[in-house]
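Take any residue in the sequence shown, note its place counting from 1, add 9, and you have its number in the working numbering.
Positions of the beta carbon are idealized from the N, C-alpha and C atoms, including for glycine.
No experiment lies behind these values; they were computed from the predicted model shown.
Before any comments, here is the structure.
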Amino acid sequence: MKIKQYLPEVLFLVLFIALCSYLSFFKVAWRDEAFSFFLSKLPISEIIRVTTHDFTPPLFYVLLHFWMMISQSLFFMRLLPLIFSLVFILILLSLRKQLYAYLKIKENLASQFLYLSLIIFNPIFIYFAIELRAYSLLMLQT
Numbered sequence: 010m011k012i013k014q015y016l017p018e019v020l021f022l023v024l025f026i027a028l029c030s031y032l033s034f035f036k037v038a039w040r041d042e043a044f045s046f047f048l049s050k051l052p053i054s055e056i057i058r059v060t061t062h063d064f065t066p067p068l069f070y071v072l073l074h075f076w077m078m079i080s081q082s083l084f085f086m087r088l089l090p091l092i093f094s095l096v097f098i099l100i101l102l103s104l105r106k107q108l109y110a111y112l113k114i115k116e117n118l119a120s121q122f123l124y125l126s127l128i129i130f131n132p133i134f135i136y137f138a139i140e141l142r143a144y145s146l147l148m149l150q151t
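The following block contains the structure:
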């Protein structure tokens, strides 16, 4: 395999991580993120009981519960949704060749940069990646 072949993907992923980290560092927590934080501090059984009345499945809160055992800083907690977003983006990148074949698009550097830009700089992906909510996990599960 050629390393140059994956260079654009790696560069765009590094740029995505840097952008999300920067935005996450300066973003102030709001009510829904505080809800995620306090709910995830509860015992697992209580998380499951409380989320039966919420539209979000308990998996995110349970994962955040264990993630918070490492650190409870807001920046660190926001890394969990970023990881889910990165996995989702990697899946989209792996589907590129099939999408190009289906749409009969010739794969070249320009089409690759366009595809990467549409994914990496999508405001919804960026927002979900830095929000301490289950949005990025739900996006990954679809």
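Does the distance from the CB of residue i to the CB of residue j come in under 9 Å?
| i | j | result |
| --- | --- | --- |
| Phe69 | Leu20 | no |
| Ser120 | Ile129 | no |
| Pro66 | Ala143 | yes |
| Glu18 | Leu127 | no |
| Leu48 | Thr60 | yes |
| Phe25 | Phe134 | yes |
Between the Cα of residue i and those of the options, spot the shortest distance and give me the residue it belongs to.
| i | options | result |
| --- | --- | --- |
| Phe75 | His62, Ile56, Thr65 | Ile56 |
| Trp39 | Leu149, Phe97, Met148, Glu140 | Glu140 |
| Leu16 | Leu102, Val71, Phe93, Phe47 | Leu102 |
| Val96 | Leu22, Lys50, Glu116 | Leu22 |
| Ser45 | Tyr136, Gln150, Leu83, Pro132 | Leu83 |
| Glu42 | Leu149, Thr151, Tyr136 | Tyr136 |
| Gln14 | Gln107, Leu149, Leu118, Met77 | Leu118 |
| Met77 | Lys106, Lys50, Gln150, Asn131 | Lys50 |
| Met148 | Gln107, Ile100, Glu116 | Ile100 |
Is it buried or exposed for residue i, if we count other Cβ within 10 angstroms and need 16 for buried?
| i | result |
| --- | --- |
| Ile98 | buried |
| Leu123 | exposed |
| Ser80 | exposed |
| Leu104 | exposed |
| Leu108 | exposed |
Grab the span of the alpha helix (DSSP H) containing residue i for me, first residue to last.
| i | result |
| --- | --- |
| Ser54 | 53 to 60 |
| Ala27 | 12 to 35 |
| Lys106 | 105 to 112 |
| Ile133 | 132 to 139 |
| Arg87 | Run containing Arg87: none; DSSP gives neither H nor E here. |
| Ala119 | 118 to 129 |
Is the segment 13 to 30 close to the segment 82 to 99, with three or more CB pairs under 8 Å?
yes
Between the segment 48 to 66 and the segment 103 to 114, do at least 3 Cβ pairs fall closer than 8 Å?
no
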